[in-house]
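Undergrad: Just dropping this structure here.
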Amino acid sequence: MKPLIVVALVLAPLFAAGQTHAQVSADELKKCLFIEDMTKERLDCFDKLIRPEAIQVLQQAAPRTVNDCRYIKEQDARLKCFNRFVTAAASPAPQRPAPKPQQKTQ
Numbered sequence: 570m571k572p573l574i575v576v577a578l579v580l581a582p583l584f585a586a587g588q589t590h591a592q593v594s595a596d597e598l599k600k601c602l603f604i605e606d607m608t609k610e611r612l613d614c615f616d617k618l619i620r621p622e623a624i625q626v627l628q629q630a631a632p633r634t635v636n637d638c639r640y641i642k643e644q645d646a647r648l649k650c651f652n653r654f655v656t657a658a659a660s661p662a663p664q665r666p667a668p669k670p671q672q673k674t675q
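Structure, rendered in structure tokens:
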């Protein structure tokens, strides 16, 4: 088999599994931010919303979405992963100043 086909066969079930996973809203995840940071209780809150699943292939890759955090086996690392995504979503985006209206010259 060609290496590309092997990679596709290995990764296809992972992407299919991600599609069937229930989507969790950002508001639900933000509720966990009210629990003290870096505690087992906060991790339990996230784990209730996004159930952890250990998959060796994704252990090496950096998570791209909050749902990818469920693949991290080590608890502190999984909590930091959740915090990174949820606190980024909770902080307001920097606002650009409104453009000044241009004066017409005649």
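All residue numbers for the sequence shown refer to this note's numbering, where the first residue is 570 and numbers rise by one. All C-beta atoms in this analysis are idealised placements derived from N, C-alpha and C, irrespective of residue type, glycine included.
1) Among the residues of its own chain, which have a CB less than 6 Å from the CB of residue 632, if the five just before and after it don't count?
2) What are the boundary residues of the alpha helix (DSSP H) that includes residue 612?
3) State the CB to CB distance for the pair residue 593 and residue 612, rounded to an integer number of angstroms; the pair is presumed to be in contact (CB under 8 Å).
4) Buried or exposed: which applies to residue 647, given that a residue is buried once 16 or more other Cβ atoms fall within 10 Å of its Cβ?
5) Give the DSSP-derived three-state secondary structure of residue 593 in the structure shown.
6) Starting from residue 652, follow the alpha helix (DSSP H) in both directions and report where the run begins and ends.
7) Considering only C-alpha positions, which residue in the set 640, 635 and 645 is nearest to residue 597?
8) Quick check: the Cα distance between residue 659 and residue 640, rounded to an integer number of angstroms?
TA: According to the data block:
1) Numbered from its first residue, the sequence shown carries residue 632 at position 63. Answer for residue 632: 638 and 650, listed in chain order.
2) Here residue 612 corresponds to residue number 43 of the sequence shown, with the count starting at 1. Segment 609–618, the alpha helix (DSSP H) holding residue 612.
3) By one-based count along the sequence shown, residue 593 stands at place 24. By one-based count along the sequence shown, residue 612 stands at place 43. In this structure, residue 593 and residue 612 do not form a Cβ contact; the two beta carbons are roughly 15 Å apart against a cut-off of 8 Å.
4) Residue mapping note: residue 647 aligns to position 78 of the sequence shown, counting from 1. So residue 647 counts as buried.
5) Here residue 593 refers to the residue found at position 24 of the sequence shown. Coil, per DSSP.
6) Taking the first residue of the sequence shown as position 1, residue 652 is located at position 83. In this chain, the alpha helix (DSSP H) harbouring residue 652 covers 644–659.
7) Translated into positions along the sequence shown, residue 597 becomes position 28. It is 635 whose Cα lies nearest to the Cα of residue 597.
8) Residue 659 sits at position 90 when you count from the first residue of the sequence shown. Residue 640 sits at position 71 when you count from the first residue of the sequence shown. Their Cα atoms are separated by approximately 22 Å.
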